[in-house]
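Undergrad: This is the structure I have questions about; it appears just below.
Residue numbers (our numbering), protein chains in the order written: chain A, 65 to 706; chain B, 156 to 670.
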């Protein structure tokens with residue numbers, strides 16, 4: 065293990081530098097993909113020929129620039145690493161002042177590298193994956209738009225600008241989920257994602273409003289400076305509202321229902337947006353708001369609760385899914401549950417949340433790309449029950465997928481071992497219940513991921529007759545290999561010499577967890593749980609899997625297959641409840657409101673016909689009216705003079 | 156007066172200062188010569204060249220005069236900030252209005268005017284003239300005099316000059332109102348009504364002028380203003396004169412209870428003329444009214460304010476209530492213009508510089524929106540000419556999305572929605588009145604505005620949310636004249652709504668009448 069065992073506590077450094085030198089150009093990071101999106105989406109079919117290549121080039125250039133900035137930042141002393149660049153005064157209304165400013169500090173730098181790095185790889189992969197799609201220019205345009213919006217989200221130096229990026233990624237996600245417009249299921253999924261995300265967005269906007277009311281500022285620096293002045297209630301409420309926002313974007317219970325449906329989008333989208341980056345925005349939001357959560361244990365507990373419930377719910381759903389992408393999506397939900405839980409632990413967990421986020425970005429994106437590669441080979445079949453025994457045919461896909469599999473299981477020395485294990489330790493430090501939840505989650509993860517990999521690459525052939533699987537081309541396999549390398553090495557690299565900890569601690573703060581169980585023992589328990597999960601899966605699926613999903617299953621399996629009734633609950637509680645509210649409002653509106661409106665309307669119309677009656681059309685009547693008017697005016701003048 | 160005892164002193168005339176309206180009036184005379192001497196085929200092109208040339212020259216002169224403050228022609232004319240600004244706006248409005256009047260593609264028989272005004276409606280003569288494709292090019296002579304009269308009206312600095320300007324403006328309009336190519340009888344009835352009632356109101360004005368002269372011993376606004384504090388014994392006489400003069404002006408701006416000619420004349424007159432008339436007369440008459448109230452009778456504000464307060468309130472509500480029930484869109488807009496006169500009076504009674512600035516802005520904004528609305532109206536037609544019944548506008552958006560959209564935008568401007576000039580105009584007028592402690596009338600005005608939204612939006616709803624019933628109603632493809640006029644109107648309505656500051660600054664630079 066790379067970390068030191070001695071207890072250590074680091075407080076966040078509140079110090080931002082005015083960006084100078086190359087940092088003054090950090091807006092380029094966002095501008096490049098944005099230009100790409102504009103050219104592709106506004107340029108129309110003229111850009112069909114060079115569009116996709118341009119779209120790949122833009123985030124790749126951003127990535128190159130990001131690496132350059134990162135190296136620059138590494139050269140700076142810790143307390144000078146937070147760079148602030150205000151482009152202009154964005155809103156200046158009385159006491160409400162918001163700069164259009166960016167903040168590049170180690171936390172956002174990590175995200176920028178992840179977004180542009182994984183983003184570039186997935187752009188390259190898409191070149192192959194979307195090669196035959198006639199509308200790929202639009203696809204790449206949306207993808208660039210997403211990258212730009214996501215970079216805006218993580219680079220904003222205030223919550224309002226973050227909100228713009230937040231909405232931007234929501235829009236891009238909506239457009240990309242519904243990319244296969246001709247499929248009603250894709251359109252419905254896009255709409256669902258949009259609507260559910262709105263709920264979360266309301267939470268975020270309430271948080272921003274409350275921040276402004278309570279602290280008269282919405283900049284990160286301002287909030288962290290003034291948070292201590294806030295009352296416990298205000299801090300708790302802001303924390304809860306932020307959590308609602310995070311839950312919507314990161315598919316956490318109770319706003320999780322959209323993520324599984326979002327798999328209707330093209331697979332590269334699932335890999336980039338719905339696995340590696342956008343869905344982790346909620347984790348970013350919580351970690352970024354550390355100054356709020358550090359002061360409200362109640363809000364932290366709510367975050368932990370949401371994370372724990374989601375990690376178990378996602379794992380449970382993952383066990384029952386036969387659709388390879390939905391199984392991976394359930395796994396994403398569950399893994400983000402881990403991150404959210406870690407973020408709820410406060411300074412003990414922030415670093416680990418981000419660490420797991422980064423390693424997860426590698427291995428989950430890699431596995432999604434692997435799934436896409438399998439689908440590509442199997443005529444876009446997503447049902448794992450129609451796969452089987454693919455390991456010999458798709459060597460590279462299998463190899464990279466297997467690396468991702470070992471990583472998510474947390475097998476040492478693969479990436480997930482470092483990050484997940486640290487979260488489990490930190491969770492035990494906070495409470496036994498949280499710890500057990502993470503432990504249990506690890507076991508279930510091992511089961512469903514083993515089930516997935518066994519059903520796909522091992523066991524018996526269950527292919528459709530017209531399936532002729534083959535390995536994918538280089539544009540697809542190279543990104544998979546690169547991500548696999550990341551899945552192997554990232555965990556070690558991030559913990560070696562406390563790299564990530566000392567990198568992030570100045571922003572998030574840090575505290576060594578002290579779990580009640582000795583750490584080596586805990587590691588052993590975890591690995592044993594994981595092994596148990598694997599063994600169960602091997603016993604059930606290694607030899608043979610049914611081609612058709614069995615129907616005589618337990619109530620738990622049925623529930624898990626139906627996403628634990630997430631949709632049914634939504635429908636019963638929100639849709640039906642909403643309809644009742646609407647009905648009641650309509651009734652009140654019809655009787656009370658409309659009644660009074662009609663009454664006013666009748667009076668107005670009555671007066672109106674009275675006026676109209678004077679319009680006889682006869683000149684003599686008009687002249688008489690004028691004369692009466694003159695007389696009355698003269699009379700009035702006389703009265704006024706008296 | 157010019158003649159004092161025995162020596163006639165020829166007044167000094169600053170020709171440059173009076174050039175805006177002099178150009179137009181001279182062009183009117185020249186236009187008459189064209190009518191007399193030019194061959195029939197050459198008249199229309201010559202007249203159009205003359206009209207547009209003269210209007211451009213007049214606008215340029217007014218623009219050059221901005222910021223000038225001088226009295227000239229024996230103090231009969233006061234060239235000052237508000238006056239010159241209004242002259243410039245009138246020239247622009249006349250340019251757009253002339254473009255509308257020049258339209259000859261929409262009606263298959265020619266422009267909007269009778270082939271020969273002398274022909275009896277429905278007679279064989281009329282048919283023959285129409286078949287020959289003749290034009291009444293005399294309208295351009297009349298148009299130039301009307302526009303020149305408007306420009307003189309806003310700078311007239313004594314009661315007689317003002318009266319002459321009033322008549323120079325009005326008489327051509329009476330005539331032109333009766334010259335519609337279609338529905339001649341309606342048009343002639345409207346013209347006669349307009350003329351008779353106009354003469355009646357002029358009588359009140361003249362009588363008022365006489366009383367004021369009797370009370371103050373002067374007709375020049377400076378003399379009147381100087382004399383007011385010094386002659387308490389003639390105060391009653393003076394006030395009666397002021398009331399009667401205001402009656403003459405209130406008639407022209409179309410405020411209740413002197414408004415009843417408005418719907419009949421707006422409906423009967425050729426629609427393209429209605430556009431110019433509704434915009435131009437409102438500008439000119441309100442400009443003159445402002446000068447009377449602020450310059451000549453400024454000292455009497457405590458006396459006239461309650462009267463105009465009552466008139467404003469009645470006018471707003473008569474306008475919006477009557478408009479609610481209209482089925483003819485031209486009549487509806489006529490009542491809407493009555494209501495707008497009321498809103499303008501709200502600004503006027505504030506009696507402050509802010510009030511003056513806001514009313515001037517309102518006038519400019521309202522003039523272009525009104526031009527646009529009426530010109531658009533002239534394009535929606537069926538076999539009998541314009542389709543003015545509101546029901547025939549059903550589903551227009553599906554047939555002509557651009558027309559429906561532009562109409563919606565202009566109607567929203569009239570209703571005072573944000574991002575249109577109407578919003579800024581209303582807002583600044585109401586704000587000025589609130590500053591001047593006129594809160595009650597502002598509350599009434601807001602209530603009236605709320606009612607007004609109903610009938611404006613009714614048209615929008617019909618256009619967008621109802622299926623078309625008759626198929627014969629269609630939007631005619633106009634010539635470039637109308638297209639340019641419409642674009643200018645709509646663009647100005649938009650610009651003044653989004654970026655009003657330059658015009659507001661320009662008005663605020665010299666917001667004072669001199670006398």
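The C-beta atom is built at its ideal place from N, Cα and C for all residues, glycine as well.
None of the values given here were measured: they were computed from a predicted structure.
(1) For residue 471(A), which residues in chain B fall below 7 Å Cβ to Cβ?
(2) Leaving out the 5 sequence neighbours to the left and right, which residues in its chain are closer than 8 Å to residue 456(B) when beta-carbon positions are compared?
(3) What is the DSSP secondary structure of residue 574(A), reduced to helix, strand or coil?
(4) Taking only beta-carbon positions, decide if residue 700(A) is within less than 9 Å of chain B.
(5) Touching or not, the region 497-513 of chain B and the region 436-454 of chain B, by the rule of three or more beta carbon pairs under 8 Å?
(6) Can you tell which of 630(A), 123(A), 664(A), 177(A) has the C-alpha that lies nearest to the C-alpha of residue 212(A)?
(7) Which residues in the same chain as residue 68(A) place their Cβ atom closer than 6 Å to its Cβ, once the five residues preceding and following it in sequence are excluded?
(8) Rounding to the nearest angstrom, what Cα-Cα distance links residue 243(B) and residue 627(B) in this structure?
(9) Hey, does residue 661(A) have any beta-carbon neighbour from chain B nearer than 9 Å?
(10) Identify which residue in 578(A), 598(A), 223(A), 702(A) has its Cα closest to the Cα of residue 411(A).
(11) Name the two residues that bound the continuous alpha helix (DSSP H) containing residue 155(A).
(12) In whole angstroms, what is the alpha-carbon distance linking residue 568(B) and residue 653(B)?
(13) Let me see if you follow: with CB-CB separation under 9 Å, is residue 663(B) close to chain A or not?
(14) Leaving out five residues before and five after residue 190(B) in sequence, what residues of the same chain have Cβ atoms less than 7 Å from its Cβ?
(15) Against chain B, with Cβ distances strictly below 9 Å, would residue 657(A) count as a contact?
(16) DSSP beta-bridge partners for residue 630(B)?
(17) According to the Cβ coordinates, are residue 366(B) and residue 395(B) closer than 9 Å?
(18) Are the Cβ atoms of residue 348(A) and residue 175(A) separated by less than 9 Å?
(19) Does any C-beta atom of chain A lie closer than 9 Å to the C-beta of residue 517(B)?
(20) To the nearest angstrom, how far is it from the Cα of residue 492(A) to the Cα of residue 282(A)?
(21) Go ahead and pull the three-state DSSP assignment for residue 65(A).
(22) Assess, as a yes-or-no matter, whether the region 126-134 of chain A is touched by the region 76-93 of chain A under the definition of 3 or more beta carbon pairs within less than 8 Å.
(23) Are the beta-carbon atoms of residue 512(A) and residue 394(A) separated by less than 9 Å?
(24) Report the neighbours of residue 216(B) on chain A: residues whose CB is nearer than 8 Å to its CB, in chain order.
(25) Check whether the Cβ atoms of residue 630(B) and residue 558(B) sit closer than 9 Å, and answer yes or no.
(26) Taking 9 Å as the CB-CB cut-off, is residue 480(B) touching chain A?
(27) Please state whether DSSP places residue 498(A) in a helix, a strand or coil.
(28) Check the Cβ-Cβ distances between residue 156(A) and every residue of chain B, and say whether any is below 9 Å.
(29) Only counting runs of 4 or more residues, tell me where the alpha helix (DSSP H) segments fall wholly within the region 360-396 of chain B, in order along the chain.
(30) Do the region 338-346 of chain B and the region 268-288 of chain B make contact, defined as three or more Cβ pairs closer than 8 Å?
(31) DSSP on residue 664(B), reduced to helix/strand/coil?
(32) Looking at the C-beta of residue 394(B), does it have a partner C-beta in chain A at a distance below 9 Å?
(33) Could you pull the DSSP bridge partners for residue 163(A) from this structure?
(34) Would you list the one or two residues that DSSP bridges to residue 226(B)?
(35) Could you give the DSSP three-state label for residue 540(B): helix, strand or coil?
(36) Mapping the DSSP letters down to three states, classify residue 524(B) as helix, strand or coil.
TA: This is what the structure gives:
(1) If you number the first chain from 1, residue 471(A) lands on position 407. Within 7 Å Cβ-Cβ: nothing; residue 471(A) doesn't reach chain B, min ~54 Å.
(2) Mapped onto the second chain, residue 456(B) falls at position 301. Answer for residue 456(B): 448, 506, listed in chain order.
(3) On the first chain, residue 574(A) is found 510 positions in, with the first residue counted as 1. Here residue 574(A) sits in strand by DSSP.
(4) Sequence index remark: in the first chain, residue 700(A) carries index 636 (1-based). True, the Cβ-Cβ gap to chain B drops below 9 Å.
(5) Pairwise C-beta distances place the region 497-513 of chain B in contact with the region 436-454 of chain B, as three or more of them are shorter than 8 Å.
(6) Locating residue 212(A) in the first chain gives position 148, counting from the first residue. Of the listed residues, the one whose Cα sits closest to residue 212(A) is 123(A).
(7) Translated into positions along the first chain, residue 68(A) becomes position 4. Low local confidence applies: a pLDDT of 47 at residue 68(A) is under 50, so the model's placement there is unreliable, with the coordinate-based value given in what follows. Answer for residue 68(A): no residue qualifies.
(8) To locate residue 243(B), count along the second chain from 1; it is residue 88. To locate residue 627(B), count along the second chain from 1; it is residue 472. If you take the alpha carbons of residue 243(B) and residue 627(B), they lie about 41 Å apart.
(9) Here the question's residue 661(A) lines up with position 597 in the first chain. With a threshold of 9 Å between beta carbons, residue 661(A) makes no contact with chain B.
(10) As a first step, residue 411(A) must be located in the first chain, where it is residue number 347. When the alpha-carbon of residue 411(A) is set against those of 578(A), 598(A), 223(A), 702(A), the nearest one is in 578(A).
(11) Mapped onto the first chain, residue 155(A) falls at position 91. Not the alpha helix (DSSP H): residue 155(A) falls in the beta strand (DSSP E), residues 147-157.
(12) If you number the second chain from 1, residue 568(B) lands on position 413. If you number the second chain from 1, residue 653(B) lands on position 498. Taken atom to atom, the span from the alpha-carbon of residue 568(B) to that of residue 653(B) is near 12 Å.
(13) To locate residue 663(B), count along the second chain from 1; it is residue 508. No, residue 663(B) lies away from the interface with chain A (no Cβ there is under 9 Å from its Cβ).
(14) Taking the first residue of the second chain as position 1, residue 190(B) is located at position 35. Around residue 190(B): 198, 292, 293, 296.
(15) The residue you call residue 657(A) lines up with position 593 of the first chain. Taking Cβ atoms only, chain B never reaches closer than 9 Å to residue 657(A), which makes this a no.
(16) Against the second chain, residue 630(B) aligns to sequence position 475. Per the DSSP secondary-structure output, residue 630(B) pairs in a beta bridge with 535(B).
(17) If you number the second chain from 1, residue 366(B) lands on position 211. If you number the second chain from 1, residue 395(B) lands on position 240. Yes, the Cβ-Cβ distance between residue 366(B) and residue 395(B) is below 9 Å.
(18) On the first chain, residue 348(A) is found 284 positions in, with the first residue counted as 1. On the first chain, residue 175(A) is found 111 positions in, with the first residue counted as 1. Residue 348(A) places its beta carbon less than 9 Å from that of residue 175(A).
(19) Mapped onto the second chain, residue 517(B) falls at position 362. No, its Cβ sits nowhere closer than 9 Å to a Cβ of chain A.
(20) Translated into positions along the first chain, residue 492(A) becomes position 428. Translated into positions along the first chain, residue 282(A) becomes position 218. Looking at the backbone, the Cα of residue 492(A) and that of residue 282(A) are separated by about 34 Å.
(21) Counted from its first residue, the first chain places residue 65(A) at position 1. Because the pLDDT of residue 65(A) is 40, which lies under 50, any placement of that residue in the model is unreliable, and the number read from its coordinates should be weighed accordingly. Assigned with DSSP and collapsed to three states, residue 65(A) falls in coil, not helix or strand.
(22) Contact check between the region 76-93 of chain A and the region 126-134 of chain A: three or more CB pairs, one atom from each, fall below 8 Å, which counts as touching.
(23) Within the first chain, the letter at position 448 stands for residue 512(A). Within the first chain, the letter at position 330 stands for residue 394(A). Cβ atoms of residue 512(A) and residue 394(A): closer than 9 Å.
(24) By one-based count along the second chain, residue 216(B) stands at place 61. Neighbours of residue 216(B) in chain A, taken as residues whose beta carbon is under 8 Å from its own, are absent, since the nearest beta carbon is some 37 Å off.
(25) Within the second chain, numbered from 1, the residue matching residue 630(B) stands at position 475. Within the second chain, numbered from 1, the residue matching residue 558(B) stands at position 403. Judged by their CB atoms, residue 630(B) and residue 558(B) are nearer to each other than the 9 Å cut-off.
(26) Against the second chain, residue 480(B) aligns to sequence position 325. Yes, residue 480(B) lies at the interface with chain A (some Cβ there is under 9 Å from its Cβ).
(27) As a first step, residue 498(A) must be located in the first chain, where it is residue number 434. In the structure shown, residue 498(A) sits in a helix (DSSP, three-state: H, G or I).
(28) Here the question's residue 156(A) lines up with position 92 in the first chain. Nearest CB-CB separation between residue 156(A) and chain B: not below the 9 Å threshold.
(29) Correct list: 376-382.
(30) Verdict: yes, contact present.
(31) Numbered from 1 along the second chain, position 509 holds the residue referred to as residue 664(B). Reduced to three states, the DSSP call for residue 664(B) is helix.
(32) As a position in the second chain, residue 394(B) is number 239, starting the count at 1. Closer than 9 Å to some Cβ of chain A, the Cβ of residue 394(B) qualifies, so yes.
(33) Along the first chain, one-based indexing puts residue 163(A) at 99. According to DSSP, which records beta bridges pairwise, residue 163(A) is partnered with 153(A).
(34) Taking the second chain and counting its residues from 1, one reaches residue 226(B) at position 71. 233(B), per the DSSP bridge assignment.
(35) On the second chain, position 385 is the one that residue 540(B) refers to. In this structure, residue 540(B) counts as strand in the three-state DSSP scheme.
(36) Taking the first residue of the second chain as 1, we reach residue 524(B) at position 369. It is helical.
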